[in-house]
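These notes concern the structure reproduced below.
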Amino acid sequence: MDAVLAVFCAITGILNRLGTFLPQLGLRLLLAWEFWVSGTAKLHSANWFVPLQSQFPLPFSLLPANATWFLVTWAELLGAVALLMGFGTRLAALAFMVLDAVAWHTLYAGNGYNVCDGGYKLALLYLAMLLPLLFGGPGTASVDHWISRRL
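Here the numbering used here is used: the first residue of the sequence shown is 1000, the next is one more, and so on.
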């Protein structure tokens, strides 16, 4: 019985050490990729926000469509780099949560849950993945962690 307990404790110790960086790093890399792809697609395509601008919730509907397009594009690109490096992670996560909530409201809410029907499933998954980064931080494999250790 002591051998089983020792193995369990050893495995738990390893998982606890990995848990300080690996889950957060995985979330950051996945989300950085997704938002980078979205931002580069916007950077190299025509503004499709114009017909949707009036449907954006306040205060976003008050901005000109070109300004919104510019802000969203660069928020996605810079936020993706921030997540990749783990620099300003909580701010990037919060910004992405706002973008995601606006997209959910404007594009997906009326289409149901199924992503194949243009539903909100993917937006919900992004929000769920951003929550641990907002509230738990980027993990130890990050610039934020390196800075916090030097303060």
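Idealized CB from N, CA, C, for every residue including glycine. This structure is a prediction, so every number in the text was calculated from the model and none was measured.
Mind checking residue i: buried by the 16 CB within 10 Å criterion, or exposed?
{"i": "Ser-1044", "result": "exposed"}
{"i": "Ala-1031", "result": "buried"}
{"i": "Thr-1019", "result": "exposed"}
{"i": "Arg-1027", "result": "buried"}
{"i": "Ala-1081", "result": "buried"}
{"i": "Leu-1090", "result": "exposed"}
{"i": "Phe-1059", "result": "buried"}
{"i": "Ala-1094", "result": "buried"}
Starting from residue i, trace the alpha helix (DSSP H) both ways and give me its first and last residue.
{"i": "Gln-1023", "result": "1021-1042"}
{"i": "Thr-1067", "result": "1064-1084"}
{"i": "His-1104", "result": "Neither: His-1104 is in no alpha helix (DSSP H) and is coded neither H nor E."}
{"i": "Pro-1131", "result": "1120-1135"}
{"i": "Asn-1015", "result": "1001-1017"}
{"i": "Trp-1145", "result": "1142-1149"}
How about residue i and residue j: do their beta carbons lie closer than 8 angstroms?
{"i": "Ala-1092", "j": "Leu-1132", "result": "yes"}
{"i": "Thr-1067", "j": "Gln-1052", "result": "yes"}
{"i": "Gly-1138", "j": "Leu-1024", "result": "yes"}
{"i": "Tyr-1151", "j": "Tyr-1125", "result": "Because the chain is modelled from 1000 through 1150, residue 1151 falls outside the range shown and cannot be assessed."}
{"i": "Gly-1078", "j": "His-1144", "result": "no"}
{"i": "Leu-1098", "j": "Ala-1074", "result": "yes"}
{"i": "Lys-1041", "j": "Val-1003", "result": "no"}
{"i": "Leu-1076", "j": "Trp-1035", "result": "yes"}
{"i": "Ser-1141", "j": "Thr-1088", "result": "yes"}
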